[in-house]
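Input: a single structure, listed below in C-alpha cells.
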Amino acid sequence: MNQQFGMQMPGGRARRQSGVDVYTGLLFAACVALLTACAFAWVQGSKIGPDGNAFGVQDTNRITLQSR
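Residue numbers (our numbering): 396 to 463.
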C-alpha cells in the first residue's frame, strides 16, 4: 500500500527540453551589436589617438590626425 491516490508528486512529469526562444536571440543580437560598436570605436579612436594608440591622450597644444 505504498500508493497514494489523488496526490501528484512534483517533478513527476517528463520535462520538456528548453530551446532557443526570442529573448535568447535578442540577447545574442545585442552582444553582437555591442562587439561591433566596440570595434568601431577602437578603429576611430586609433585614427585620432597619438601614434595610432586608441587609449592615448592628445597633447592639448599639439593635436594631429592621421592622414591616409
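Even glycine gets a Cβ: it sits at the ideal position worked out from N, Cα and C.
**Study point:** Pick from Gly451, Thr455 and Val417 that is closest to Trp437, judged by C-alpha positions
**Key:** The residue you call residue 437 lines up with position 42 of the sequence shown. Checked all of Gly451, Thr455 and Val417; the closest Cα to Trp437 is Gly451.
Practice item. Mind reading off the beta-carbon distance from Ser441 to Ala428? Whole number of angstroms is fine, and I expect it under 8 Å. Key: In the sequence shown, residue 441 corresponds to position 46, counting from 1. In the sequence shown, residue 428 corresponds to position 33, counting from 1. Under the criterion of beta carbons closer than 8 Å, Ser441 and Ala428 do not qualify as touching, at roughly 21 Å.
Review point. Do Pro445 and Gln439 come within 7 Å of each other at the CB atom, strictly closer than that value?
Key: For this step, residue 439 is matched to residue 44 along the sequence shown. For this step, residue 445 is matched to residue 50 along the sequence shown. Gln439 places its beta carbon 7 Å or farther from that of Pro445.
Practice item. Give me whichever residues DSSP pairs with Asp454 in a beta bridge. Key: Taking the first residue of the sequence shown as position 1, residue 454 is located at position 59. According to DSSP, residue pairing for Asp454 in a beta bridge involves Arg457.
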